[in-house]
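Heads up: the structure comes next, in structure tokens.
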Amino acid sequence: MSSSLLYKKVVSVLASELNSGVYSAGEKFPTMRDLCQRFGVSHPTVLHALKELNRHGLIIHRGTRGYFVAERGDFRMQTRCLGLLLRPNSCNPKGDDYFNRIIKGLEMSAFSAGYTLLRPPECILTLPQFPTDDEQQRMMDRVLKMQESVDGFFVDQKISDEILAKYLPQLSKPLVIVNRPTTLPTLAVPPPNYPGMQEILELGQRLGYTVFIYIVANLLSTNEQERKLAFEDFVEKNQLKNDIIDGGLVYASERVKEQLDKCLKRFSGERILFATSTDYLGRLIADYLQERKVHFKKEVGLASFEGLKIASETTPRLTTVACMPEDLGRLAFEKMSNRLRSMDTMKLPDNSTVPFTIQMGDTL
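Now the structure itself:
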């Protein structure tokens, strides 16, 4: 029998034993000498087989101590494929590449680790800004059909927790929600919503702003909810004059402008910091304040969130919390990789996030 066939036979037998519970999690795996004697094969053949089992997460190499059975509740040979259900560049008309950069970071990490990413046809097309329940369910139906072909899934932020909750009990593979937090017992990689908003508000306070107005775009978004919570906690803790303006689902500009006028009149003579939940809303407000001949920094400040191109491509350049999309993608893969190495049931959601920077512009 050729060395290639011998190696495959050793891998098949040992993987079957690991799957069937012959070895306990954390147990010392047989040595190469023992395996050579058992199978009657050479040292290189056994070494090749052990590396293959290690690559699939069934055993762990611990240096001079040898190989140990991986501590995971579900021993299965992996396909080395992951389902990528993330939209490509979103429906924004300004050509921003935020989502492509997330995918790029994820792809680079996955390919470097030897994984293939499978993207179903539904994910090649752009998701609407607010997909209906039926559209979201079609995406999740595709996830169920792909289960046997992949080791796990990366899911777009536009799939809501309400929809996901219906499908999670049917999933046997791990799932990572990308670019938003969740309260579900699954992994998520959100942008730095709470710490980012807190830091930019602290900066505004240090710069002498005395009134803080938060303008929220879409309270259906879990990202928006976290940013709003950070604002509410900050003004309450520091006992600051404040108000909240609801910008509506699709940035109802006339309503926002009307509320801005009321705030400017109400707090006339004070330095007002307007904090917005997105750069798109920030740009709308900046343009309107310019029309009104309001002086940035002297009379009002404006802080936005996300660090998209729209924040800096025209004047005034917005001061914004700049997220790092490539890092979000890399962290998404890291969480998936760690999850695959330890398949114990998740009891709490993991919403750890990535660093951020304050991108200074002309408005703060």
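If you want the working numbering, it's the 1-based position in the sequence shown plus 1104.
C-beta: ideal position from N, C-alpha, C; glycine also.
Cα-Cα separation, residue i to residue j
i: glycine 1465; j: leucine 1311; result: 14 Å
i: leucine 1118; j: phenylalanine 1143; result: 11 Å
i: glutamine 1309; j: leucine 1157; result: 55 Å
i: arginine 1421; j: arginine 1387; result: 9 Å
i: proline 1295; j: aspartate 1245; result: 27 Å
i: serine 1264; j: glutamine 1240; result: 8 Å
i: phenylalanine 1215; j: arginine 1434; result: 11 Å
i: valine 1114; j: threonine 1135; result: 14 Å
i: methionine 1301; j: tyrosine 1271; result: 32 Å
i: arginine 1205; j: glutamate 1430; result: 5 Å
i: tyrosine 1127; j: threonine 1168; result: 20 Å
i: threonine 1286; j: alanine 1292; result: 6 Å
i: arginine 1166; j: serine 1120; result: 22 Å
i: histidine 1423; j: valine 1254; result: Checking the sequence shown, residue 1423 turns out to be threonine, not histidine. One C-alpha to the other measures close to 41 Å.
i: threonine 1290; j: valine 1280; result: 7 Å
i: valine 1173; j: leucine 1288; result: 30 Å
i: threonine 1314; j: glutamate 1358; result: 26 Å
i: histidine 1399; j: leucine 1186; result: 51 Å
i: cysteine 1195; j: leucine 1432; result: Confidence at cysteine 1195 is low in this model, with a pLDDT of 49, below 50, so its placement is unreliable and the value that follows should be read with caution. Those two C-alpha atoms are separated by around 20 Å.
i: alanine 1415; j: tyrosine 1384; result: 8 Å
i: glycine 1125; j: glutamate 1131; result: 11 Å
i: methionine 1243; j: methionine 1250; result: 11 Å
i: leucine 1110; j: asparagine 1455; result: 44 Å
i: leucine 1333; j: asparagine 1342; result: 14 Å
i: lysine 1361; j: phenylalanine 1371; result: 15 Å
i: proline 1148; j: glutamine 1141; result: 13 Å
i: arginine 1184; j: valine 1247; result: 16 Å
i: leucine 1275; j: serine 1325; result: 24 Å
i: leucine 1393; j: aspartate 1365; result: 9 Å
i: leucine 1122; j: proline 1273; result: 25 Å
i: alanine 1153; j: alanine 1129; result: 19 Å
i: glutamate 1417; j: aspartate 1200; result: 11 Å
i: proline 1225; j: phenylalanine 1133; result: 42 Å
i: serine 1213; j: methionine 1428; result: 15 Å
Beta-bridge partners of residue i, as assigned by DSSP
i: glutamate 1410; result: Ala1426
i: valine 1059; result: With the chain covering only 1105 through 1468, there is no way to say anything about residue 1059.
i: tyrosine 1318; result: Ile1348, Ala1379
i: glutamine 1329; result: Note: glutamine 1329 sits in no beta bridge, so no partner.
i: glycine 1405; result: Leu1377
i: glutamine 1463; result: Thr1424
i: leucine 1368; result: DSSP output for leucine 1368 lists no bridge partner at all.
i: arginine 1172; result: The residue you asked about is not arginine; residue 1172 is phenylalanine in the sequence shown. Per DSSP, Lys1132, Ile1164.
i: arginine 1220; result: The amino acid occupying residue 1220 in the given sequence is threonine; arginine does not appear at that position. BP columns for threonine 1220 point to Cys1185.
i: valine 1117; result: DSSP, once it has assigned bridges, lists no residue as partnering valine 1117.
i: phenylalanine 1400; result: Val1404
i: valine 1293; result: Val1282
Residue of the options minimising C-alpha distance to residue i
i: arginine 1396; options: Tyr1384, Ala1269, Ile1319, Leu1368; result: Leu1368
i: lysine 1345; options: Glu1252, Thr1326, Tyr1318, Tyr1111; result: Tyr1318
i: phenylalanine 1234; options: Leu1248, Leu1333, Lys1262; result: Lys1262
i: lysine 1413; options: Tyr1271, Tyr1202, Asp1391, Glu1121; result: Tyr1202
i: valine 1150; options: Gly1130, Leu1186, Lys1112; result: Lys1112
i: valine 1425; options: Ile1267, Pro1278, Pro1459; result: Pro1459
i: valine 1487; options: Leu1210, Ile1348, Gly1218, Arg1242; result: Beyond the ends of the chain as shown, which are 1105 and 1468, falls residue 1487; an answer cannot be given.
i: arginine 1137; options: Phe1378, Ser1146, Glu1131, Gly1130; result: Ser1146
i: threonine 1217; options: Val1339, Glu1266, Met1440; result: In the sequence under discussion, the amino acid at residue 1217 is alanine, which differs from the threonine named in the question. Closest option to alanine 1217, Cα to Cα, is Met1440.
i: glutamate 1303; options: Pro1273, Pro1289, Asp1337; result: Asp1337
i: aspartate 1350; options: Gln1329, Glu1121, Tyr1219, Lys1249; result: Gln1329
i: phenylalanine 1257; options: Glu1266, Thr1236, Asp1237, Tyr1219; result: Tyr1219
i: leucine 1222; options: Thr1314, Lys1402, Tyr1298, Glu1252; result: Glu1252
i: glutamine 1182; options: Ile1163, Leu1190, Phe1172, Ile1348; result: Ile1163
i: threonine 1382; options: Leu1186, Val1259, Val1320; result: Val1320
i: glutamate 1531; options: Thr1326, Glu1374, Asn1297; result: An answer regarding residue 1531 cannot be provided, because it is not within the stretch 1105 to 1468 covered by the chain.
i: glycine 1373; options: Lys1155, Glu1403, Cys1140, Ile1462; result: Glu1403
i: isoleucine 1207; options: Pro1224, Leu1188, Leu1364, Pro1225; result: Leu1188
i: asparagine 1442; options: Pro1278, Arg1370, Lys1341, Lys1401; result: Pro1278
Supposed contact pair residue j and residue i - C-beta distance, whole angstroms, cut 8 Å
i: glycine 1170; j: arginine 1445; result: About 18 Å; that fails the 8 Å criterion.
i: glycine 1405; j: leucine 1468; result: 4 Å
i: alanine 1379; j: phenylalanine 1335; result: 6 Å
i: phenylalanine 1549; j: leucine 1377; result: No answer is possible for residue 1549: the residues shown for the chain start at 1105 and end at 1468.
i: arginine 1331; j: aspartate 1260; result: With a Cβ gap of about 20 Å, arginine 1331 and aspartate 1260 do not count as contacting.
i: leucine 1307; j: isoleucine 1462; result: 6 Å
i: arginine 1284; j: asparagine 1327; result: 5 Å
Let me know the beta strand (DSSP E) ranges lying completely inside the stretch 1125-1169, each 3 residues or longer, listed in chain order. 1163-1165
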